Amino acid sequence: MSGPLSDLREAVVAASGAVAGSAGGSSAPPTLERPKKAGFGDYATNAAMLLAPRAGVPPRDVAGRLADELEQRLGPSLERVEIAGPGFLNLFLSDPWYIDALAHVLAAGDAFGAGSADPAERVSVEFVSANPTGPMTAAGGRHAAYGDSLARLLAFAGHDVTREFYINDIGGQVRRLGESIQARARGEAVPEGGYEGDYVLEIAERIPGAASDDVAVVAERGVQLLLERIRRSMEAIGVEFDVWFSEGSLHAGEPSAVRHAFEELASRGQTYRSEGALWLRTSAHGDDKDRVLERSSGEHTYFASDIAYHLNKLERGFDRLIDVWGADHHGYVGRMHAAFESLGAPKGALELIIMQFVNLIERGELVSISKRRGDFVTLDELLDQIGVDAARFFMLQRSHDTMVDLDLDLAREQSNENPVYYVQYAHARIASILKKAAATRVSAALDVAARFDGALEPAERTLVKKLLAFPDELAEATERRAPHRIAAYALELAQTFTAFYRDCQVVGAQGDGVEAFRLALSVATKRTIARALDLLGVSAPEQM
RNA sequence: GCCCCAGUAGCUCAGUGGACAGAGCGACCGCCUCCUAAGCGGUAGGCCGCAGGUUCGACUCCUGCCUGGGGCACCA
């Protein structure tokens, strides 16, 4: 990838190489970062400090030689370079460099920041996968927002992404759901360990014969109805799954997918029988102990289904499987990785991402969430109260491995102060500026901005730098599966634009080419904000 | 007992080896003849849980401990 920043980085690396020369040996690549303090240059590098120990020379001496090299290599792009502190090189770039950098951003168009995937892979992202024994909870919304945003990031990077929802539509919990529905239909108390939420009664009323039919049939109908509801909730939060995968389907057909998986594992010598059950040697792959696949009763465990499911995904040709799981599944990670290896799959191709909990807060108190007791806030309620954009941004602001507290009253109260509106407002404000300038002037500006030869304001340089940071920010957010970094970036970009808006009149700006340059800068910012919001699944309104 | 996550400003959280640790909210003071005040400027507010270690340099890496949350099934 080429661009103003990678050119800079290359120059630093090349200069390092030249100075290192006979000293030989390579160390960690030098950093190129945007210093926090304005006085420390536009970009700073620690190259001299990395080189110093090898050369056996004080860092500041090395820095001096590096500075000379950089001045030669960068020519007029470099205004000046300073040696500071323990041996940092602070680079001050010239206005032509900034003008050229903006032209680069504009030329990249909608693809600005895209395509960091190397290599591009076929990736399956499985997330939410909520049990169809109740409505989507607000906590499920966090999984939805996270998984979907991660999928968007991966796709934008160039991967071929499939979003999957795994439906646990068989097993004890489904039977309990059926029993609970039937009990409600008969006007009886829900059995011990059953589902007590009001939705069970609603479901019961929608199933003709719920009171008398076979409980398995009632359960199946119940799952169907709840699944429809879950689909609608997913649509409401803007998540579209490519595949809804039924656990039950893994047990159908001859041989079933589960049987096929068992055979695959057996042929690899990974299973054995003991105490009447079929076991998998997960302890041979780092798990604490071996695990049961087929119970002594002849029934398959959930684990057996899951192995068959992952084998199925491998056989569909995915290079990488990403599962987003709740924190309560953490104990399951070791055995899943072990099973994956037992199938002969490459170790690193399975990523299990653990999402920390969403705590429900009521009147300042932590409420224990229980789907069984019907004690939860639904995703639909949350969306009704604060809307999709605020909900998604709220959920995506935090890293997936920190807990989130959700106080619905507070969320409603504070939704007006949700930072998402600040970002959207910046976008709408730019739209308003561009509208005022009229389309013809804007498109003309895009043509001539690269030839601007005036002096730039500090706010303009800061904004260009912020835009240039987007590709790296994106690549890091994608690689680290951390969409919350994009939320933070979007907010910072909006702030940076707002500072520019305050300091620099755009429409009607005085000076030759100044208005055109600022219009072009506004266009680039608007696109980048829209892109960042899109990757979060948040809308970018033209007006507010 | 073992495993995972967290502990940073009053609150909610960013910050995976660099210079003086940041944002939002909350508090206080000020700002609309001017491209959107859902905005802007300023002020106050920090033993980065504790103790060691590694490093030229540690909120960041390592070890131990403390606190909170979660997990350790022939449940799903």
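If you want my numbering, it's the position in the first sequence, counting the first as 1, plus 154. Here a beta-carbon is modelled for each residue, glycine too, at the ideal position from N, C-alpha and C. No experiment lies behind these values; they were computed from the predicted model shown.
query: Please give me, in chain order, every unbroken run of the beta strand (DSSP E) with length at least 3 that falls completely inside the segment 248-282.; result: 276-280
query: For Arg329, which residues from the same chain have a beta carbon less than 8 Å from its beta carbon, with the 5 sequence-adjacent residues on both sides left out?; result: Val369, Ala370, Ala373
query: Taking C-beta to C-beta, are Ser459 and Glu382 nearer than 8 Å?; result: no
query: Is there at least one non-hydrogen atom of the ligand SAH closer than 7 Å to the beta-carbon of Pro183?; result: Among the ligands in the structure shown, none appear at all, so the ligand SAH cannot be discussed.
query: How big is the Cα-Cα spacing for Ser553 and Gly528?; result: 28 Å
query: If I measure Cβ to Cβ from Val521 and keep anything under 6 Å in the same chain, skipping five residues before and after, which residues do I get?; result: Leu514
query: So which of Lys620, Cys658, Gly325 has the shortest CA-CA distance to Glu646?; result: Lys620
query: Give me the Cα-Cα distance between Gly363 and Pro286, rounded to the nearest whole angstrom.; result: 20 Å
query: Could you tell me which of Asn322, Glu359, Glu333 sits nearest to Gly347, measuring between CA atoms?; result: Glu333
query: One question on the structure: do Ala299 and Met698 come within less than 8 Å of each other, judged by their Cβ atoms?; result: no
query: Where does Pro158 land, buried or exposed, given buried means 16+ other C-beta within 10 angstroms?; result: buried
query: Output the boundary residues of the beta strand (DSSP E) element that contains Ser303.; result: Note, Ser303: premise wrong, no beta strand (DSSP E); alpha helix (DSSP H) at 292-311.
query: Quick check on DSSP: helix, strand or coil for Asn200?; result: coil
query: Taking 8 Å as the cut-off, decide whether the C-beta atoms of Phe242 and Leu689 are in contact.; result: no
query: Using a Cβ-Cβ cut-off of 8 Å (strictly less than) and excluding sequence neighbours within five positions of Leu404, which residues of its own chain qualify?; result: Ser410, Ala411, Val412, Ser459, Ala462, Tyr463, Asn466
query: Hey, quick one: how far does the beta strand (DSSP E) through Met509 stretch, first residue to last?; result: 504-509
query: Could you give the first and the last residue of the continuous beta strand (DSSP E) run that contains Leu232?; result: 232-238
query: Going by beta-carbon coordinates alone, are Pro213 and Pro189 separated by less than 8 Å?; result: no
query: Mind checking which residues open and close the beta strand (DSSP E) that includes Tyr426?; result: 425-428
query: Compute the Euclidean distance between the alpha carbons of Leu308 and Asp302, then round it to the nearest angstrom.; result: 10 Å
query: CB-CB under 8 Å to Tyr320, same chain, minus the five flanking residues each way: which ones, in chain order?; result: Glu280, Ser283, Phe399, Glu401, Tyr463
query: Compute the Euclidean distance between the alpha carbons of Tyr579 and Ala678, then round it to the nearest angstrom.; result: 16 Å
query: Can you name the start and end residues of the alpha helix (DSSP H) that Asp563 belongs to?; result: 562-568
query: Going straight from the alpha carbon of Leu355 to that of Arg338, what length do you get?; result: 6 Å
query: Report the three-state DSSP secondary structure of Tyr730 (helix, strand or coil).; result: Given a span of 155 to 698 for the chain in the structure shown, any question on residue 730 remains unanswerable.
query: Would you decide whether Ala565 is buried or exposed? Buried here means 16 or more other CB atoms lie within 10 Å of its CB.; result: buried
query: Quick one: what's Ile321 bridged to in DSSP?; result: Ser400
query: May I have the straight-line CA-CA distance separating Gln510 from His484, to the nearest angstrom?; result: 10 Å
query: With respect to the beta strand (DSSP E) encompassing Ile476, which residues constitute its N-terminal and C-terminal limits?; result: 474-480
query: Taking Gly502 as the reference, which of Asp473, Ala481, Glu516 has the closest Cα?; result: Asp473
query: Please go through the same chain and pick out, in chain order, the residues whose beta-carbon is closer than 6 Å to the beta-carbon of Arg163, but skip the five residues on each side of it.; result: Leu186
query: Which residue's Cα is closest to the Cα of Pro637: Asp555, His258, Ala493, Ala182?; result: Asp555
query: I need the DSSP call for Phe548, collapsed to helix, strand or coil.; result: helix
query: Can you give me the C-alpha to C-alpha distance between Leu673 and Phe266, rounded to a whole angstrom?; result: 18 Å
query: Where does Ile512 fall in DSSP's three states?; result: The sequence given here has Val at residue 512, not Ile. Val512 falls in the strand class under three-state DSSP.
query: Would Ser248 and Leu260 be called neighbours here (beta carbons separated by less than 8 Å)?; result: no
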